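Visitor: Residue numbers (my numbering), protein chains in the order written: chain B, 30 to 460; chain H, 3 to 128.
No residue lacks a Cβ here, since even glycine has one placed at the ideal position from N, Cα and C.
Note that the structure is predicted; figures quoted are calculated from it, not measured.
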């Protein structure tokens, strides 16, 4: 049956909107009120001259009556039927179903959309389990400890004659490992349980934004060359699914374009060939340091001459944009480490902060962090400024002699006796 | 001349357990915990077999494996990779990089011993 089975419902809706009685409309188009009633309840098909006459009487184009918002509803119903994975005999009657039972059709379509959204959340969670470096490292530790216990226990159980020295050593190892395993697995389960709640969903737009920037390698050549606008790039991005992510991406790209206009690629590349000095670049391009740091992070690695990471946060400390760099873990969810120079800069707006840091962990590498906070709004006597902060993260060739030790997120930070710790780490017991 | 294995693993208690097991089987076990110079250690030791953890400080087991396979003299050296990451993708990557056997943690002693015996026998036949 064609989509126009909903035409009757639209006629009724329009007539009621115009406060026109059924009998009056029927009279105008020269049909009986009872026949119009059947049409309005989609019990009689309508087309040709009668449709044109009714449309004229209702002051709309005939097409407005034959197509409408229900198209999307019917499409969703068809999608739900297709996703059910088995043939639905009444598939062709989706429009009739939507016409006769619009409330139930909305419920079904709504549930289908909800299922799609939940599936997406599951996807995000499994992606996180797969790619979150800290989670992966924690799981690796748990499994390694389990491997050690299994192997040691087997030796003790299966080796007939075991020298006392070896036996004592294995007992000691078993005791140590089982204690580590109990603590770490309990903390890990608790961490996963708590992660499987609202924070993950809140993180979804941020994930989309990062996927979008990653897909472009954090560099938008077409935007810099004027071949595409931020709106076009956002519209064309398959990574940006939610309105929140699209809006955030649009703001980020507008700022990106402004930075690129101040410091065009060729010009900044030439300046960088003379050495890396962000303060000098700011002077040369009549820019401020936040612009320079953002711009440097947006350059292709070949132009910058080294990899770099970037974090931008708002005045609450919430991370708005992250460009990951190997060896410096940036938390996907939740708050970052308060010891990051990013937050030092946030507490001292407009003062550039440079710190050489390492992150706690077994594979600590050295990084130089350059950070600064800037007001988002022009100075105003009657309004307090709202700041944002940016931090550029550059790898060092060697671990610095006296680095500032920072973490990524308290839960996965191995740092001990930290005054900034908010909550216990799941990496206790020397993990 | 005895059989010689280099064990690259950063978990001391796993090293101890594997050392015990293989020593009883007549192997000389040389353990190394740091990934960064593991290739040089293996080259210098010229072992009959390597047991390699995937996640190591300094350099990953996967990188070490690739470097070993780039060396003409180590191209056919049997490498047993132990890993907590048992995903199909990791296994596929290891196979592409030339791993001889891939084993996920927690493993059983019997499995490790069987794999070591098997790989050594295959190498000697080849």
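1) Under a three-way DSSP split, which group does residue 246 (chain B) fall into?
2) For a quick check, are the C-beta atoms of residue 328 (chain B) and residue 297 (chain B) less than 8 Å apart?
3) Short of 8 Å Cβ to Cβ, which residues in the segment 194-209 of chain B face chain H?
4) Assign residue 395 (chain B) to one of three DSSP states: helix, strand, or coil.
5) Mind listing which residues of the segment 163-189 of chain B have their C-beta closer than 9 Å to chain H's C-betas, in chain order?
6) Where does residue 388 (chain B) sit, in a helix, a strand or coil, going by DSSP?
7) Looking at the strands, I want to know which residues DSSP matches up with residue 303 (chain B).
8) Please report how far the alpha carbon of residue 35 (chain B) lies from the alpha carbon of residue 144 (chain B), in whole angstroms.
9) For a quick check, are the C-beta atoms of residue 433 (chain B) and residue 385 (chain B) less than 8 Å apart?
10) Three or more C-beta pairs under 8 Å: does that hold for the segment 201-215 of chain B against the segment 307-324 of chain B?
11) Return no unless some Cβ of chain B is closer than 8 Å to the Cβ of residue 117 (chain H).
12) What distance in whole Å lies between the Cβ atoms of residue 241 (chain B) and residue 269 (chain B), which are believed to be in contact at a cut-off of 8 Å?
13) Find out if the Cβ-Cβ distance for the pair residue 184 (chain H), residue 53 (chain H) is shorter than 8 Å.
14) Is the CB-CB distance between residue 370 (chain B) and residue 398 (chain B) below 8 Å?
15) If we ignore side chains and look at the alpha-carbon of each, how far apart do residue 173 (chain B) and residue 419 (chain B) end up?
16) Along the chain, which unbroken stretches of the beta strand (DSSP E) at least 3 residues long are found entirely within the segment 340-373 of chain B?
17) Tell me which same chain residues have a C-beta within less than 7 Å of the C-beta of residue 349 (chain B), skipping the five on either side of it?
18) Provide the residue(s) that pair with residue 32 (chain H) in DSSP beta bridges, ordered along the chain.
19) Hey, does residue 94 (chain H) have any beta-carbon neighbour from chain D nearer than 8 Å?
20) Once the 5 residues before and after residue 60 (chain H) are set aside, which same chain residues still bring their CB inside 7 Å of it?
21) Measure the C-alpha to C-alpha separation of residue 339 (chain B) and residue 351 (chain B) and round it to an integer number of angstroms.
22) Cα separation between residue 261 (chain B) and residue 60 (chain B)?
23) What three-state label does DSSP hand residue 413 (chain B) in the structure shown?
24) What residues are listed by DSSP as bridge partners for residue 383 (chain B)?
25) Assign residue 438 (chain B) to buried or exposed, taking buried as 16 or more other Cβ atoms, counted over all protein chains shown, within 10 Å of its Cβ.
26) CB-CB under 8 Å to residue 64 (chain B), same chain, minus the five flanking residues each way: which ones, in chain order?
27) Hey, quick one: how far does the beta strand (DSSP E) through residue 188 (chain B) stretch, first residue to last?
28) In the DSSP output, which residue or residues are listed as bridge partners for residue 60 (chain B)?
29) What three-state label does DSSP hand residue 429 (chain B) in the structure shown?
30) Are the CB atoms of residue 334 (chain B) and residue 372 (chain B) nearer to each other than 8 Å?
31) Would you call residue 442 (chain B) buried or exposed, if buried means 16 or more other Cβ atoms sit within 10 Å of its Cβ?
32) If I measure Cβ to Cβ from residue 182 (chain B) and keep anything under 8 Å in the same chain, skipping five residues before and after, which residues do I get?
33) So, helix, strand or coil for residue 297 (chain B), using DSSP?
34) For residue 103 (chain H) and residue 108 (chain B), I'd like the C-alpha separation in whole angstroms.
35) Would a check of beta-carbon distances place residue 232 (chain B) closer than 8 Å to chain H?
36) Give the straight-line distance between the Cα atoms of residue 23 (chain B) and residue 171 (chain B), rounded to the nearest whole angstrom.
Guide: Once the coordinates are examined:
1) Counting from 1 along the first chain, the entry for residue 246 (chain B) is found at position 217. In the structure shown, residue 246 (chain B) sits in coil (DSSP, three-state: anything other than H, G, I, E or B).
2) Locating residue 328 (chain B) in the first chain gives position 299, counting from the first residue. Locating residue 297 (chain B) in the first chain gives position 268, counting from the first residue. In contact: residue 328 (chain B) and residue 297 (chain B) (Cβ atoms closer than 8 Å).
3) 195, 198, 199, 202, 205, 206
4) In the first chain, counting from the first residue as 1, residue 395 (chain B) sits at position 366. Residue 395 (chain B) falls in the strand class under three-state DSSP.
5) 165, 166, 168, 169, 170, 171, 172, 173, 174, 175, 176, 177, 178, 179, 180, 181, 183, 184, 187, 188
6) Within the first chain, residue 388 (chain B) is the residue found at index 359, counting from 1. Note: residue 388 (chain B) maps to strand in three-state DSSP.
7) Position 274 of the first chain, counted from the start, is the residue given in the question as residue 303 (chain B). BP columns for residue 303 (chain B) are empty, so no partner.
8) Your numbering for residue 35 (chain B) matches position 6 in the first chain. Your numbering for residue 144 (chain B) matches position 115 in the first chain. Looking at the two C-alpha atoms, the distance is approximately 26 Å.
9) Locating residue 433 (chain B) in the first chain gives position 404, where the first residue counts as 1. Locating residue 385 (chain B) in the first chain gives position 356, where the first residue counts as 1. Yes. Within cutoff.
10) no
11) Position 115 of the second chain holds residue 117 (chain H). Chain B, which has no Cβ nearer than 8 Å to the Cβ of residue 117 (chain H), makes this no.
12) Position 240 of the first chain, counted from the first residue, corresponds to residue 269 (chain B). Position 212 of the first chain, counted from the first residue, corresponds to residue 241 (chain B). With 8 Å as the limit, residue 269 (chain B) and residue 241 (chain B) qualify as a contact, their Cβ atoms being about 5 Å apart.
13) The question about residue 184 (chain H) has no answer here: the residues shown for chain H are numbered 3 through 128.
14) In the first chain, residue 370 (chain B) corresponds to position 341, counting from 1. In the first chain, residue 398 (chain B) corresponds to position 369, counting from 1. A contact, by the Cβ cut-off of 8 Å.
15) By one-based count along the first chain, residue 173 (chain B) stands at place 144. By one-based count along the first chain, residue 419 (chain B) stands at place 390. The straight-line gap separating the alpha-carbon atoms of residue 173 (chain B) and residue 419 (chain B) is approximately 38 Å.
16) 348-352
17) The residue given as residue 349 (chain B) occupies position 320 in the first chain. Correct list, in chain order: 341, 342, 343.
18) For the purposes of this step, residue 32 (chain H) is taken as residue 30 along the second chain, with counting starting at 1. Residue 32 (chain H) is bridged to H:8.
19) Looking at the structure shown, chain D is missing, and the protein chains on hand are B and H.
20) Here residue 60 (chain H) refers to the residue found at position 58 of the second chain. Closer than 7 Å at the Cβ level, and outside the excluded window around residue 60 (chain H), lie 36, 37, 38.
21) As a position in the first chain, residue 339 (chain B) is number 310, starting the count at 1. As a position in the first chain, residue 351 (chain B) is number 322, starting the count at 1. C-alpha separation (whole angstroms): 6 Å.
22) As a working note, residue 261 (chain B) is residue 232 in the first chain. As a working note, residue 60 (chain B) is residue 31 in the first chain. Roughly 51 Å between the two C-alpha positions.
23) Looking up residue 413 (chain B) in the first chain gives position 384. In the structure shown, residue 413 (chain B) sits in coil (DSSP, three-state: anything other than H, G, I, E or B).
24) Within the first chain, numbered from 1, the residue matching residue 383 (chain B) stands at position 354. Per DSSP, B:399.
25) The residue given as residue 438 (chain B) occupies position 409 in the first chain. Residue 438 (chain B) is classed as buried because its beta carbon has at least 16 other beta carbons within 10 Å across all chains shown.
26) Within the first chain, the letter at position 35 stands for residue 64 (chain B). So the qualifying residues of the chain are 55, 73.
27) Translated into the one-based positions of the first chain, residue 188 (chain B) becomes position 159. Premise fails: residue 188 (chain B) is in no beta strand (DSSP E) and is neither H nor E.
28) Here residue 60 (chain B) refers to the residue found at position 31 of the first chain. Answer is none; residue 60 (chain B) lacks a bridge partner.
29) What you label residue 429 (chain B) is simply residue 400 of the first chain in a count that begins at 1. The answer is coil: DSSP assigns residue 429 (chain B) none of H, G, I, E or B.
30) Start at 1 with the first residue of the first chain, and residue 334 (chain B) comes out as number 305. Start at 1 with the first residue of the first chain, and residue 372 (chain B) comes out as number 343. No, the Cβ-Cβ distance between residue 334 (chain B) and residue 372 (chain B) is not below 8 Å.
31) The count along the first chain starts at 1 and reaches residue 442 (chain B) at position 413. Result: buried.
32) If you number the first chain from 1, residue 182 (chain B) lands on position 153. Only 203 meet the Cβ criterion.
33) In the first chain, the residue the question calls residue 297 (chain B) occupies position 268. Three-state result, residue 297 (chain B): helix.
34) As a position in the second chain, residue 103 (chain H) is number 101, starting the count at 1. As a position in the first chain, residue 108 (chain B) is number 79, starting the count at 1. Distance between the alpha carbons of residue 103 (chain H) and residue 108 (chain B): 45 Å.
35) Locating residue 232 (chain B) in the first chain gives position 203, counting from the first residue. Bear in mind that the predicted position of residue 232 (chain B) carries a pLDDT of just 46, short of 50, making it too unreliable to give a figure here.
36) An answer regarding residue 23 (chain B) cannot be provided, because it is not within the stretch 30 to 460 covered by chain B.
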